[in-house]
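Taken in order, these protein sequences are the chains called C and W. Heads up: the first sequence begins at 1 in full-length UniProt numbering, then just goes up one per residue. Heads up: the second sequence begins at 1 in full-length UniProt numbering, then just goes up one per residue.
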Amino acid sequence: MAKVIVNGEIVENTWQRLTSEELDQQDVPAEGAVIVPLAYWLAHRDALLERAAPVGVCLEPGEEPTDLAADLAALPLVAVNFPAFKDGRGYSYARELRTRYGFEGEVRAVGDVLQDQLFYMHRVGFNAFEVRADRDIEEALNGLRPFSVTYQGDVHDERPIYRRQSA
Amino acid sequence: MYVYQDYDQRLLEERVAQYRDQTRRYLAGQLSEDEFLVLRLQNGLYIQRYAPMMRISVPYGMLNSTQVRKLASITRDYDKGFCHVSTRQNIQLNWPELADTPDILAELASVQMHAIQTSGNCIRNITTDEYAGVNPREIEDPRPWCEVIRQWATFNPEFAYLPRKFKIAVNAVPDADPALIGVHDIGVQIVHDHNGETGFQVWAGGGLGRTPMTGEVIGEFVAWPDLLAYLEAILRVYNKYGNRDNKYKARIKILVKALGADKFRELAEAEFAELKGGAMTLTREEVARIKACFVDPDYRTDVDTTALHNALDQHRAFNRWYHTNTRAHKKDGYRSVTLTLKKTGRIPGDITDEQLEDVADLADRYAFSEVRTTHQQNMVLADVAEDELYDLWQQLDALGFATPNLGLITDIVACPGGDLCALANAKSVPIAEGIQRQFDDLDFVHDLGPLDVNISGCMNACGHHHIGHIGILGVDKKGKEFYQITLGGRGDRQSRIGEKMGPSFESHEVTGVIGKIISVYLDNRLENEPFISTYERIGMDPFKEVVYG
């Protein structure tokens, strides 16, 4: 089974992410944790909530946490897809999930997720990373801690450095 | 200057280590070209026409003499003995080896310098007036606010992958715009309320490049504790809604235009409402700490100007330089001196390793060890006592930095163009040189009065051609280099984008066309009327008639 980084550890990926194309072809399996697209969630919310296994929702660029705000309490996981690592919208979405909506579940970066982006992703609120399959996930772990210093606050500590220093 | 704390220094050292590892992984084939591109750009490294180009950050244009000497040795050891002052006040190396770039960054870090976010789709170097802190017309020193913004922008995790590059400038002069805030993604105008408390008028959506436009006022008065929250609100709106499908429509100016200033303001205010009063609110203590890094140097109070006045009476060349290349200072007995890097035959903004060392020596001797870079590609010694100006001038003259043409037709701003830049469609440097050679009579150049000539080798507008009184843009037509002329641009308080004249010209025609434009000005100007005012009074047609007639 594929691996994923969750809370700084490499673990088995127990979630199956289903794309819209896959869901056009097949129903959501009865068993196992699944991540579905936002549109699918909105259309099948009640049925999905009746499943015994957990359901998470994946946001694409352009689909903001606002679209999901009413449902966040019912969700253990929100994934944010990066079709290309250069598309930085997901950074604002993660931050919004944590600071605006106080979402405490798993926020997972999926798609074009690479070592050199992990530190920033972690700071804006991602705590899980599906590193791109062709990359060494062990090596990617190093991407979580290139810096011991940060000027700004982030979702873990909102205080800028000078407030942390004087505390 | 801002004085580094332990943590500022540690951050730079960790950055060097991170970049060294990224370069290693790239050279080992573990990072693709495309992935490394984004990482190297955020460390100032372009792959250019002949070699990499490295853009070194000069936060708001401030350097000390130690840093200037380090730039000299880097230029000598890792490049061909010269570097370039860019229109973002940064320093560019033209020929470094990719494998050397981690070492160059390590050398820079040893003197509190770096190349962080000098390129890439992130927040770039924060710029301001090159006379900041000494300009008698400013309402307060903008540099501490630049530094506050710099720290917030440096490695801001949310805004490292924006739709496009992002430029912020700060201005503290009420009736002029020396920082060009009108043509920045965000312009910050320092203002005071009726109690004398500092606040900011925040502009957004200006910019040059393709589709040049001037910004709109988004925040009419942002109280100083809220500055960063307000900037963050604007950046968040831009990050979420900026166009990512088309590189040419990705700047914030396009978003502000598409939404309209009112809608944009509404979105930004909604984000701001959430951030206001939070942990990012600036504190008096922190602002005071940063301000304490920008206190006045130990100005002399015994400056005797008798000898200066005698020298001004006796030496015509000195007198001309004094009136052209030095500026009034807030402190009696002092002037700010601009070293023009515009000697004919040299690339505008280029400076050699030895000259850098000479500048560092002069800064130590005459200007409290401080040097500034300007967006017009010159350098400034900001604090020179008036009784030392004559001495300084003699030395600058010998070094080739005293060409008395600041703000005149031969003080041309030009990007490196097709000679060095891979993006360029046309050369800029020979065009600049052609104009400089044509206007080689100093009396005539002075008689023409203030005249901004700006040349860009492509639509990216690094030479700021849109805001030149005379702008020249290199364009490619079926593989041949042509030049489009604009008139009437200005980068002052009335920021305006120049108007296209008509069909473009071949390179050998450009100097002749500039000559005709000048003749129309001379035939039409009223007494003491500068070029830009004549243009605005008589409009484009008389110029067109003569140029195309």
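We put the beta carbon where it would ideally sit given N, CA and C, even for glycine.
Contact of Leu11 (chain W) with chain C by beta-carbon distance below 9 angstroms involves Phe147, Ser148, Val149, Thr150 and Tyr151.
Sorting W:Asp523, W:Val191 and W:Val513 by C-alpha distance to the C-alpha of Gly549 (chain W) places W:Val513 at the top. Within the DSSP bridge table, the entry for Ala223 (chain W) names W:Gly199 as partners. For Gly187 (chain W), the enclosing beta strand (DSSP E) stretches over residues Ile186 to His192.
Taking a C-beta cut-off of 7 angstroms against chain C, the contacting residues of the segment 217-250 of chain W are Arg236, Asn239, Lys240 and Arg244, listed in chain order. For the UniProt domain "Nitrite/sulphite reductase 4Fe-4S" (119-273) of chain W, the continuous beta strand (DSSP E) assignments of 3+ residues that do not extend past its boundaries occur at 168-171, 186-192, 198-204 and 216-223, in sequence order. Considered as a whole, the segment 120-151 of chain C harbours 137-140 as its complete alpha helix (DSSP H) runs of no fewer than 4 residues, in chain order. Following the DSSP letters along the chain, one finds Ser519 (chain W) inside the alpha helix (DSSP H) bounded by residues Val510 to Asn524. Of all residues in the segment 53-85 of chain C, only Pro61, Glu64 and Phe85 place a beta-carbon less than 8 angstroms from a beta-carbon of chain W. Using beta-carbon distances, Gly88 (chain C) counts as an interface residue toward chain W, with a partner under 8 angstroms.
Counting along the chain, Leu48 (chain C) sits inside the alpha helix (DSSP H) bounded by residues Leu38 to Glu50. Residues of the segment 157-175 of chain W whose Cβ lies closer than 9 angstroms to any Cβ of chain C, in chain order: Pro157, Glu158, Phe159, Ala160, Tyr161, Leu162 and Pro163. Contact check for Asn524 (chain W) against Pro542 (chain W) passes: the beta carbons are separated by less than 8 angstroms. Checking the DSSP bridge columns, you'll see Asp476 (chain W) partnered with W:Glu481. Close to Asp154 (chain C), with beta-carbon spacing below 9 angstroms, are these residues of chain W in chain order: Pro157 and Glu158.
Taking 3 residues as the shortest admissible run, the segment 317-349 of chain W contains the following complete beta strand (DSSP E) segments, listed from N- to C-terminal end: 326-328 and 334-339. By the Cβ rule, the segment 222-240 of chain W counts as touching the segment 267-276 of chain W, because three or more pairs are nearer than 8 angstroms.
When the alpha-carbon of Thr326 (chain W) is set against those of W:Arg164, W:Gln314, W:Asp332 and W:Leu339, the nearest one is in W:Leu339. DSSP places Phe36 (chain W) in the uninterrupted alpha helix (DSSP H) bounded by Glu33 to Leu41.
The beta-bridge partner set that DSSP reports for Ile10 (chain C) consists of C:Ile5. A distance below 6 angstroms between beta-carbons, with the five flanking residues on each side excluded, links Trp15 (chain C) to the following residues of its chain, in chain order: Ala33 and Ile35. Put simply, the CB of Ile10 (chain C) is far from chain W, with every gap to its CB atoms at 8 angstroms or more. Annotation for Ser110 (chain W): Lys70 place their beta carbon closer than 8 angstroms to its own, counting only its chain and skipping 5 residues before and after.
Interface criterion not met: the Cβ of Val453 (chain W) is under 8 angstroms from no Cβ in chain C.
For Arg123 (chain C) and Trp41 (chain C), the gap between their C-alpha atoms comes out near 27 angstroms. Under the three-state reduction of DSSP, Gln67 (chain W) is assigned to helix. Shown here, Ala360 (chain W) sits in a helix according to DSSP, grouped into three states. Per DSSP, reduced to three states, the secondary structure at Ser495 (chain W) is coil, with no helix or strand assignment. Counting C-beta pairs closer than 8 angstroms gives three or more between the segment 382-395 of chain W and the segment 307-321 of chain W, which meets the contact rule.
In this structure, the straight-line span from the alpha carbon of Gly199 (chain W) to that of Val222 (chain W) is close to 5 angstroms. Within a 10 Å sphere around the beta-carbon of Lys342 (chain W) sit 16 or more other beta-carbons, which makes this residue buried. Per DSSP, the beta bridge partners of Glu506 (chain W) are W:Phe482.
By the criterion of a C-beta distance shorter than 8 angstroms, Leu162 (chain W) is surrounded in its chain by Asn121, Cys122, Ile123, Leu235, Tyr238, Asn239 and Gly242, once the five residues flanking it on both sides are discounted. When CB distances to chain W are screened at a threshold of 7 angstroms, the residues of the segment 89-117 of chain C falling below it are Arg89, Tyr91, Ser92, Arg95, Arg100, Leu114 and Asp116, in chain order. Just measuring C-alpha positions, the residue of W:Glu286, W:Gly457 and W:Tyr322 sitting nearest Gln5 (chain W) is W:Glu286. Using a Cβ distance threshold of 8 angstroms, Glu130 (chain W) and Arg372 (chain W) count as a contacting pair.
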